[in-house]
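See below for the structure under consideration.
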Amino acid sequence: MEMTIEEHNQRKARSYKLILWFAMLSMTMMFAGLTSAFVVSKSRGDWLKDFQMPSAFFISTAVIILCSVTFLLAKKSIKKDDRKATTTYLLLTLLLGLLFVFFQFKGFGQIVDQGYYFTGPESNITTTFLYIVAVTHLAHLFGGIISLLIIIYNHFKQKYNSTQFLGIELGAMYWHFLDFLWIYLFLFLYFFK
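Numbering-wise, the sequence shown is residues 2 to 194 according to this note's numbering.
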């Protein structure tokens, strides 16, 4: 019996979502390992007990939450075939994603301004861990920005509509994952000193 185009598209969508879920699970395991190492290292004598989280990280947290909102609105807009709103929300997501990166690097600068370094003889284990966790998250975020650029390109090529929006849906899933991951990391680093 021949498979219909719709059945084929549904099977393809399930496969892509499953692959994305496995990727997100493996990233979760990696960050669980990093936070476990953080917990173990906290018992060291040279651990900073009074380290203050840079204010730019608070701003970047609010910005990445807004990214998820705009990506969600883009997905809702394409489901209504509102191409103009979808364009606006996708471009806003990209702008906010880049703003998140800016504030992450601003936060690194604020840490250095406090006299703490990430590497070298003047570094300490606390800020090195913070740097590793944040940079690892940023590396995954760059993957999200690249996928978002591809989604925007495909959107301008009119590949998405109310019946075909898998690319936007997958991008939104990944972006929401990155959002929740950063919130977890931020809260972990803020409260578990």
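Here a beta-carbon is modelled for each residue, glycine too, at the ideal position from N, C-alpha and C. Model, not experiment: these values are computed from the prediction.
Residue pairing by DSSP puts residue 118 in a beta bridge opposite 124.
Counting along the chain, the unbroken alpha helix (DSSP H) around residue 30 starts and ends at 6-42. In its chain, beyond the 5 residues on either side, 28, 29, 32, 138 and 141 have a beta carbon closer than 8 angstroms to the beta carbon of residue 182. The shortest CA-to-CA distance from residue 38 to any of 127, 108 and 185 is the one to 127.
Taking the Cα positions, residue 41 is about 29 angstroms away from residue 63. Exposed is the label assigned to residue 191, since fewer than 16 other Cβ atoms lie within 10 Å of its Cβ. For residue 180, the uninterrupted alpha helix (DSSP H) run begins and ends at 167-192, by DSSP. Distance from the CA atom of residue 69 to the CA atom of residue 8, rounded to whole angstroms, is 30 angstroms. Between residue 96 and the set 79, 72 and 43, the nearest pair of CA atoms involves 72. Nearest neighbour of residue 11 by Cα position, chosen from 3, 165, 48 and 111, turns out to be 165. Leaving aside the five residues that flank residue 47 on each side, the residues in its chain whose CB is nearer than 7 angstroms to its CB run, in chain order, 125 and 126. For residue 78, the enclosing alpha helix (DSSP H) has its first and last residue at 56-80.
Looking at the backbone, the Cα of residue 19 and that of residue 13 are separated by about 10 angstroms.
Per DSSP, reduced to three states, the secondary structure at residue 154 is helical. Out of 130, 156 and 90, the CA that lies nearest to the CA of residue 45 is found in 130.
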